[in-house]
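Those letters in the sequence shown? Residues 340 to 479, per my numbering, in order.
A virtual CB, placed ideally from N, CA and C, is assigned to each residue, including glycine.
Step one of this worksheet: look at the structure below.
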Amino acid sequence: MSYTFYQLSRLYDENKFFELTSSSEGLYFLKLRSLARKDYYLHLFQKAQISSDNLGVKQYLETLFKSNISLKTIHDSINQIYEGQREERRIHEQELLAELYKLRVFDWGGIHQNDINKYLVDNYIKKITNYDNLIEKVKN
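Below, the structure is given as structure tokens:
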């Protein structure tokens, strides 16, 4: 079965990932959707030599999907973005590891049980990489 952009968007919004991963269009959609940030989409527009000048941000995904960009171009773009981020993290990796070793328990995965946990993770843990500073900010 062949899917349209709108059908794939609906499947995504309904969390029907099995259906999405069962077709080449669905996998293509998910690869584009994985970029999910304006600057990443703009990177792909530039790499694919497609103009985004007259588009609103909400039109980026649909335009990229309908442009039939090659999988190689998408993969290359994702890899470049990832490598750029990884290179940035490598600079502070040893400092971050030293801070992690100070923790007695390391268990704040991606699941937030309530709003206070989400608030703490989003506003403290993700932003403050120094253990001592984190403890002080949480106490205050």
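So, using beta-carbon positions, are Tyr399 and Tyr421 closer together than 7 Å? No Cβ-Cβ contact shorter than 7 Å links Tyr399 with Tyr421.
Measuring CA to CA, which of Lys405, Leu394 and Leu374 is closest to Tyr342? The shortest C-alpha separation from Tyr342 is found at Lys405.
Secondary structure at Gly423, three-state DSSP: helix, strand or coil? DSSP places Gly423 in helix when its eight states are reduced to three.
Nearest-angstrom Cα distance between Ser391 and Asn407? Between the alpha carbons of Ser391 and Asn407 lies a gap of roughly 15 Å.
If we call anything under 7 Å between Cβ atoms a contact, is Glu434 one with Tyr470? The answer is no: Cβ separation not under 7 Å.
Check whether Leu371 and Glu358 have beta carbons under 7 Å apart: It is not a contact, given that the beta carbons lie outside the stated cut-off.
Return the CA-CA distance between Asp415 and Asn479, expressed in angstroms with no decimal places. In this structure, the straight-line span from the alpha carbon of Asp415 to that of Asn479 is close to 45 Å.
Are the beta-carbon atoms belonging to Thr412 and Lys377 less than 7 Å from one another? Their beta carbons are not under 7 Å apart, which means Thr412 does not touch Lys377 by this criterion.
Considering only residues of the stretch 363-389, which uninterrupted beta strand (DSSP E) runs meet the minimum length of 3 residues and lie entirely inside it, listed in chain order? Contiguous beta strand (DSSP E) elements confined to the stretch 363-389 do not occur, taking only those with 3 or more residues.
Determine, using beta carbons only, whether Gly365 and Leu347 come nearer to each other than 7 Å. Going by C-beta atoms, Gly365 is nearer than 7 Å to Leu347.
Quick one: using the 10 Å Cβ neighbour count with 16 as the cut-off for buried, is Tyr367 buried or exposed? Burial call: buried.
In whole angstroms, give me the CA-to-CA distance for Thr360 and Met340. Taking the straight line from one Cα to the other gives about 13 Å.
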